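End of the sequence shown sits at 783 in UniProt numbering; the numbers just go up one at a time, nothing left out.
Built from N, CA and C at the ideal position, the CB exists for glycine as well.
Predicted model only: the values in this text are computed from it and were never measured.
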Amino acid sequence: MSLFPFDDKESKKSEDRKPSDAPPAYTEENETQGGPSHAAAPFDLAARLGSLDLASSPASPTSSQCIAHLKFLQALYHLRQDVITKVGLFGIKGSAHEDGEIAEWDPTPKYGDKSGAEPRAKVREKRWEIYVSRAVDRFTAWWYTQIPTTYKGARCGMLKRGNMVDPQGLENIALKGFPIVQLASPDQLPPLDADVLMVWHSYMLNPRNFFEDCFRSGKMDFYATPFPWQSICAVIDNLAFDYKPSGTAQAHWESSTGLRWDNLYDSFTKRIRCPKCNQANDVPWTAGAGLTGYDGSFKPGYGYADQLFGTACYNCNTAINHDLLRVTKFRRDVQNLVMYDIPMPGTILDTNGKPPKVSIRIFGTPLPPPNDFPSSIIKAGLHREIMDSTNPSHGSASMEVIKTTFETSGLRDKFLLSQSTAGNRAWTTKEERIAVRRMMSRYWHNSSPFALDLVGAVVRQGDFVDKMNNIDWIHSPALSSTMVRLLMKYGRFITIMANHPGRCAVPTLDIDLAWHTHQLSPQSYYRFTTTLTGQFIDHNDKIEENDLHGAFTWTSKVYQELYEEPYSECTCWYCEAVRESHSSLLDRVFKPGKHAALDNLHDANGDPTVASNPLLSPHISAHNAVRTENTDVATRVEHARIEANYNKACRRAKKKGHKEPERVTYYAAYAWGYPVYMPIYYPYAVDPAYAGSGAVYPADPAYVATGAGNYGACAAGTCGGLVASGGCGANGYNGGCGGGVGGGCGGGGGGGGGGCGGGGGGGCGGGGGGGCGGGGGGGGGGC
Numbered sequence: 001m002s003l004f005p006f007d008d009k010e011s012k013k014s015e016d017r018k019p020s021d022a023p024p025a026y027t028e029e030n031e032t033q034g035g036p037s038h039a040a041a042p043f044d045l046a047a048r049l050g051s052l053d054l055a056s057s058p059a060s061p062t063s064s065q066c067i068a069h070l071k072f073l074q075a076l077y078h079l080r081q082d083v084i085t086k087v088g089l090f091g092i093k094g095s096a097h098e099d100g101e102i103a104e105w106d107p108t109p110k111y112g113d114k115s116g117a118e119p120r121a122k123v124r125e126k127r128w129e130i131y132v133s134r135a136v137d138r139f140t141a142w143w144y145t146q147i148p149t150t151y152k153g154a155r156c157g158m159l160k161r162g163n164m165v166d167p168q169g170l171e172n173i174a175l176k177g178f179p180i181v182q183l184a185s186p187d188q189l190p191p192l193d194a195d196v197l198m199v200w201h202s203y204m205l206n207p208r209n210f211f212e213d214c215f216r217s218g219k220m221d222f223y224a225t226p227f228p229w230q231s232i233c234a235v236i237d238n239l240a241f242d243y244k245p246s247g248t249a250q251a252h253w254e255s256s257t258g259l260r261w262d263n264l265y266d267s268f269t270k271r272i273r274c275p276k277c278n279q280a281n282d283v284p285w286t287a288g289a290g291l292t293g294y295d296g297s298f299k300p301g302y303g304y305a306d307q308l309f310g311t312a313c314y315n316c317n318t319a320i321n322h323d324l325l326r327v328t329k330f331r332r333d334v335q336n337l338v339m340y341d342i343p344m345p346g347t348i349l350d351t352n353g354k355p356p357k358v359s360i361r362i363f364g365t366p367l368p369p370p371n372d373f374p375s376s377i378i379k380a381g382l383h384r385e386i387m388d389s390t391n392p393s394h395g396s397a398s399m400e401v402i403k404t405t406f407e408t409s410g411l412r413d414k415f416l417l418s419q420s421t422a423g424n425r426a427w428t429t430k431e432e433r434i435a436v437r438r439m440m441s442r443y444w445h446n447s448s449p450f451a452l453d454l455v456g457a458v459v460r461q462g463d464f465v466d467k468m469n470n471i472d473w474i475h476s477p478a479l480s481s482t483m484v485r486l487l488m489k490y491g492r493f494i495t496i497m498a499n500h501p502g503r504c505a506v507p508t509l510d511i512d513l514a515w516h517t518h519q520l521s522p523q524s525y526y527r528f529t530t531t532l533t534g535q536f537i538d539h540n541d542k543i544e545e546n547d548l549h550g551a552f553t554w555t556s557k558v559y560q561e562l563y564e565e566p567y568s569e570c571t572c573w574y575c576e577a578v579r580e581s582h583s584s585l586l587d588r589v590f591k592p593g594k595h596a597a598l599d600n601l602h603d604a605n606g607d608p609t610v611a612s613n614p615l616l617s618p619h620i621s622a623h624n625a626v627r628t629e630n631t632d633v634a635t636r637v638e639h640a641r642i643e644a645n646y647n648k649a650c651r652r653a654k655k656k657g658h659k660e661p662e663r664v665t666y667y668a669a670y671a672w673g674y675p676v677y678m679p680i681y682y683p684y685a686v687d688p689a690y691a692g693s694g695a696v697y698p699a700d701p702a703y704v705a706t707g708a709g710n711y712g713a714c715a716a717g718t719c720g721g722l723v724a725s726g727g728c729g730a731n732g733y734n735g736g737c738g739g740g741v742g743g744g745c746g747g748g749g750g751g752g753g754g755g756c757g758g759g760g761g762g763g764c765g766g767g768g769g770g771g772c773g774g775g776g777g778g779g780g781g782g783c
């Protein structure tokens, strides 16, 4: 039985279906030819999109909301295409002959040829990165000027540590805010042209980070406010997908924020304060980035949104760079902790993603929860050394210095530990070490006031936007039935997560659309996931690509065994190899229903060409894939396994008289409108549009450092891997968490590779394979 409220009827249909029946098609069938009828069966798209039922805010996502989401994503896609093809935008140096048109490519290119396409793709990528960086800056202005600090309609301040040990408890605070009605008004919508809506959208798709920031900042009514689908859809054209809000909305934005409506008309400089003397300094958003004249390669710039940002203060000549701005953020938060008792970021939610319940001592004194440990030890005395060692006057302030301070003076000082741990211990628990890692993850590569780098979050969501545009459900005659089916699959997906709390489940693209749509109603999503699973399920923003593949293979196997239907309704070579990995002769003998559905999959979508195209099929959703320094080694191992399973799938297809899944030697993918070539396309890998793009961004959105001693890695003694950067190693790999806790360790997925729960590799959990969050109930997130 599914746990999803509206899945019961669909489950009954599944039970009544004969094992040999194929799953419903994602396109309407042409009655005369049996193929997809996108061209043969025209329909009134404007009327369909104009009749969506978006007036209410139900507890579960609806077909209308999913369609509205597709419409919004289509608007974002058109926005990005418009920005990246503006030649000369932001003064970024491009090629002399660039005309902004989509390039064609040689069908038989040489692999690794970078004579022009890849550098020009980086120019377009850089335009978008600057645009998004400015959008995040504008969102920040909106956050401070237009989002009230209110709870249940009443003014409130920032969260205090004393609130966290209040006997009344705050564990249900996520459900008690009142939605801010005026934010849904068409006349108060923020501008899409400035990407403010897009930043809000990506922010909400990191559920725990969004909740943490709203909770810590006292903006719980904002947290209770769902994404305003009705107002947004009303101002997006139903055919051209242009965003055209009212003049009143534009005037309201400009008068309330002091910013121009259009991102491109805002200032081309960013004002920052000197960390030493507080002098205002105006620095360019970008300077010097673009193609070089002598070899045509792309070089990074030195502006605020560039990798090599650096400037000298007008007043005191202090050298200001990205790392110093991150240190300044940390120092400011330490000062707020010491002076006003405001908890450090990353320390207010437990490993289940919820405010912890209060524990009471025998004598009635409330005990601070384990997640408060970093704030406790800083306030107990560590703040003195932190503030001294990171003083800008010393010239050596860096995040590495802060990490070293925790390693040497924090976690090893028995007096400080006894003053800051429950029970006056001279040692730390694994939950307390997790809290240190989560706190530090809020600062690595992030000087913004938010729990994560929103520029990277938006960029990673861009891969999903591309996939939705490629699949193009918005123009399909089968749009409504497709939404019904993907909602049913989403319900099954949530059921799998609820039944396997220590594992990381990976969605397919269709499931991910429903999942994203649900997360855009934060209060409803929180209530739903905590009720069904006991934890607030996160949507991990960073998963090492090979771990993502392993978790997807596991999810595919469990789904197929549970529902006797293929998980990924796609016949591309990769999905065929994944299914082959969990097929066996005994399985075919004792579970004929399961494999009867697989045998009919090739006919399920009507057009086998579409079903086997990895760019047009709803298989693994990999927009959150990242790479680490260990990825290359792991990739060679995984590729060998996939290759073996692919060959088995080919032999099986040939034996049954089916067409073998094709795989070209070189794969050409559009990256920002230009062809980027790579040997064999693996759908779970980092998208070629973002892979190796460190020169474009201040912090590469597709790379995470996990090795000891690397910038952004964990403090010694806290273990961790991807957790240090706010991500999660799926199933405990690479020192990760084994569950779905973005920025924390959530479950008992084992401790392989030095993971948190295992005895090997120096894991912090001791002997068992229980993972950092406890064996049974601490994990269970999605990837």
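- Query: At what residues does the beta strand (DSSP E) containing A312 begin and finish?
  - Reply: Taking the first residue of the sequence shown as position 1, residue 312 is located at position 312. Where A312 is concerned, the enclosing beta strand (DSSP E) stretches over G310 to A312.
- Task: Tell me whether the beta-carbon of H445 lies closer than 7 Å to the beta-carbon of A699.
- Result: Taking the first residue of the sequence shown as position 1, residue 445 is located at position 445. Taking the first residue of the sequence shown as position 1, residue 699 is located at position 699. Contact: yes.
- Task: State yes or no: is the beta carbon of K276 nearer than 7 Å to at least one beta carbon in chain C?
- Result: Looking at the structure shown, chain C is missing, and only one protein chain is on hand.
- Item | Buried/exposed call for T225, threshold 16 Cβ in 10 Å | Taking the first residue of the sequence shown as 1, we reach residue 225 at position 225. With 16 or more other Cβ atoms within 10 Å, it is buried.
- Task: For my contact list, M204 and V458 are in at a C-beta cut-off of 8 Å; report their separation, rounded to the angstrom.
- Result: Here residue 204 is taken as the residue at index 204 of the sequence shown, counted from 1. Here residue 458 is taken as the residue at index 458 of the sequence shown, counted from 1. Going by Cβ atoms, the distance from M204 to V458 rounds to 12 Å, so no, they are not a contact pair.
- Task: Less than 8 Å between the CB atoms is what I'm expecting for T517 and C66, so what's the real figure, rounded?
- Result: If you number the sequence shown from 1, residue 517 lands on position 517. If you number the sequence shown from 1, residue 66 lands on position 66. The pair is a contact, with the Cβ atoms about 5 Å apart (cut-off 8 Å).
- Task: Alpha carbon to alpha carbon, how far is D166 from P392? Give it in angstroms, no decimals.
- Result: Along the sequence shown, read from residue 1 onward, the residue named residue 392 stands at position 392. Along the sequence shown, read from residue 1 onward, the residue named residue 166 stands at position 166. Between P392 and D166, the C-alpha separation is close to 37 Å.
- Query: Expressed to the nearest angstrom, what Euclidean distance is found between the alpha-carbon atoms of Y574 and L513?
  - Reply: In the sequence shown, counting from the first residue as 1, residue 574 sits at position 574. In the sequence shown, counting from the first residue as 1, residue 513 sits at position 513. Taking the straight line joining both Cα atoms gives about 21 Å.
- Where K71 falls: helix, strand or coil (DSSP): Working through the sequence shown from its first residue, we reach residue 71 at position 71. DSSP places K71 within a helical segment (H, G or I) once states are collapsed to three.
- Item | Residue range of the unbroken alpha helix (DSSP H) whose run includes K414 | As a working mapping, residue 414 is identified with position 414 in the sequence shown. Boundaries of the alpha helix (DSSP H) harbouring K414: K414 to S420, taken from the DSSP string.
- Alpha carbon to alpha carbon, how far is A141 from P374? Give it in angstroms, no decimals. To locate residue 374, count along the sequence shown from 1; it is residue 374. To locate residue 141, count along the sequence shown from 1; it is residue 141. Between P374 and A141, the C-alpha separation is close to 29 Å.
- Taking only runs that begin and end inside the segment 509–546, name each unbroken alpha helix (DSSP H) of 4 or more residues, in chain order. With a minimum length of 4 residues, the continuous alpha helix (DSSP H) runs that stay inside the segment 509–546 are 509–519 and 522–533.
- Message: Just to confirm the assignment, what range does the alpha helix (DSSP H) spanning I471 have?
- Response: The count along the sequence shown starts at 1 and reaches residue 471 at position 471. Per DSSP, the unbroken alpha helix (DSSP H) holding I471 starts and ends at L454 to I471.
- Evaluate W427 with the Cβ neighbour count: other Cβ atoms within 10 Å of its Cβ, from every protein chain shown; 16 or more gives buried, anything less gives exposed. What you label residue 427 is simply residue 427 of the sequence shown in a count that begins at 1. Exposed, because fewer than 16 other Cβ atoms sit within 10 Å of the Cβ of W427.
- Classify Y443 as helix, strand or coil using the three-state DSSP reduction. Here residue 443 refers to the residue found at position 443 when the sequence shown is read from its first residue. Three-state result, Y443: coil.
- Item | L189 versus P245: straight-line alpha-carbon distance, rounded | Locating residue 189 in the sequence shown gives position 189, where the first residue counts as 1. Locating residue 245 in the sequence shown gives position 245, where the first residue counts as 1. Using only the alpha carbons, I get a separation of about 8 Å.
- Give the DSSP bridge partners of V338, in chain order. Residue numbering aside, residue 338 sits at position 338 when the sequence shown is read from its first letter. V338 pairs with nothing; no bridge assigned.
- Task: Assuming D221 contacts Y151 (C-beta within less than 8 Å), just tell me the rounded distance between them.
- Result: Counting from 1 along the sequence shown, the entry for residue 221 is found at position 221. Counting from 1 along the sequence shown, the entry for residue 151 is found at position 151. That belief holds up - the Cβ atoms of D221 and Y151 are roughly 6 Å apart, short of 8 Å.
- Task: Would you decide whether L177 is buried or exposed? Buried here means 16 or more other CB atoms lie within 10 Å of its CB.
- Result: One-based indexing of the sequence shown puts residue 177 at position 177. Position check: residue 177 holds Gly in this sequence, whereas Leu was assumed. G177 should be labelled buried.
- Let me know the beta strand (DSSP E) ranges lying completely inside the segment 202–280, each 3 residues or longer, listed in chain order. The beta strand (DSSP E) runs lying completely inside the segment 202–280 and spanning 3 residues or more are 269–273, given in chain order.
- To which residues of the same chain is K329 closer than 7 Å at the C-beta, ignoring the five residues directly before and after it? Counting from 1 along the sequence shown, the entry for residue 329 is found at position 329. The residues are Y443 and S447.
- Query: So is S217 buried or exposed if we call it buried at 16+ other beta carbons inside 10 Å?
  - Reply: Here residue 217 refers to the residue found at position 217 of the sequence shown. S217 counts as buried, since no fewer than 16 other beta carbons sit within 10 angstroms of its beta carbon.
- Item | Three-state secondary structure assigned by DSSP to A154 | Walking along the sequence shown from the start, residue 154 turns up at place 154. In the structure shown, A154 adopts extended strand secondary structure according to DSSP, grouped into three states.
- Query: What whole-angstrom Cβ distance do N352 and G534 have, given they're in contact under 8 Å?
  - Reply: As a first step, residue 352 is located in the sequence shown; it is residue number 352 there, counting from the start. As a first step, residue 534 is located in the sequence shown; it is residue number 534 there, counting from the start. Confirmed, about 7 Å.
- Message: Given a cut-off of 7 Å on the beta-carbon distance, is the pair Q279 and Y302 in contact?
- Response: Stepping through the sequence shown from its first residue, residue 279 is reached at position 279. Stepping through the sequence shown from its first residue, residue 302 is reached at position 302. Going by C-beta atoms, Q279 is not nearer than 7 Å to Y302.
- Following the continuous alpha helix (DSSP H) through N163, name the residue where it begins and the one where it ends. Start at 1 with the first residue of the sequence shown, and residue 163 comes out as number 163. Note, N163: alpha helix (DSSP H), R161 to M164.
- Query: Which residues does DSSP pair with G290 in a beta bridge?
  - Reply: For the purposes of this step, residue 290 is identified with residue 290 of the sequence shown, where counting begins at 1. Beta-bridge pairing links G290 to K93 and K299.
- Message: Using a Cβ distance threshold of 8 Å, determine whether the segment 540–554 contacts the segment 496–509, with at least three qualifying pairs required.
- Response: Result yes; three or more Cβ-Cβ pairs closer than 8 Å.
- Could you say which of C274, S231, S185 and I147 lies nearest to C214 if we only look at CA atoms? To locate residue 214, count along the sequence shown from 1; it is residue 214. Cα-wise, what sits closest to C214 is I147.
- Inter-residue Cα distance where the pair is K357 and A174: Within the sequence shown, residue 357 is the residue found at index 357, counting from 1. Within the sequence shown, residue 174 is the residue found at index 174, counting from 1. In a straight line, the C-alpha of K357 is about 14 Å away from that of A174.
- Item | Pairwise C-alpha distance: R438 and G743 | As a position in the sequence shown, residue 743 is number 743, starting the count at 1. As a position in the sequence shown, residue 438 is number 438, starting the count at 1. Low local confidence applies: a pLDDT of 34 at G743 is under 50, so the model's placement there is unreliable, and no value is given.
- Item | Residue from N499, P186 and H201 with nearest C-alpha to V132 | As a first step, residue 132 must be located in the sequence shown, where it is residue number 132. Nearest C-alpha to V132: H201.
- On the three-pair Cβ rule with 8 Å, is the segment 244–259 touching the segment 558–571? Between the segment 244–259 and the segment 558–571, the count of C-beta pairs closer than 8 Å stays below three; the two stretches do not touch.
- Item | Terminal residues of the beta strand (DSSP E) in which residue 784 lies | The displayed coordinates of the chain run from 1 to 783. Any statement about residue 784 would go beyond what the structure contains.
- Query: With DSSP run on the structure shown, which of helix, strand or coil describes A59?
  - Reply: For this step, residue 59 is matched to residue 59 along the sequence shown. In the structure shown, A59 adopts coil according to DSSP, grouped into three states.
- Query: By how many angstroms is the C-alpha of L479 removed from the C-alpha of M344?
  - Reply: For the purposes of this step, residue 344 is taken as residue 344 along the sequence shown, with counting starting at 1. For the purposes of this step, residue 479 is taken as residue 479 along the sequence shown, with counting starting at 1. Answer to the nearest angstrom: the Cα atoms are 45 Å apart.
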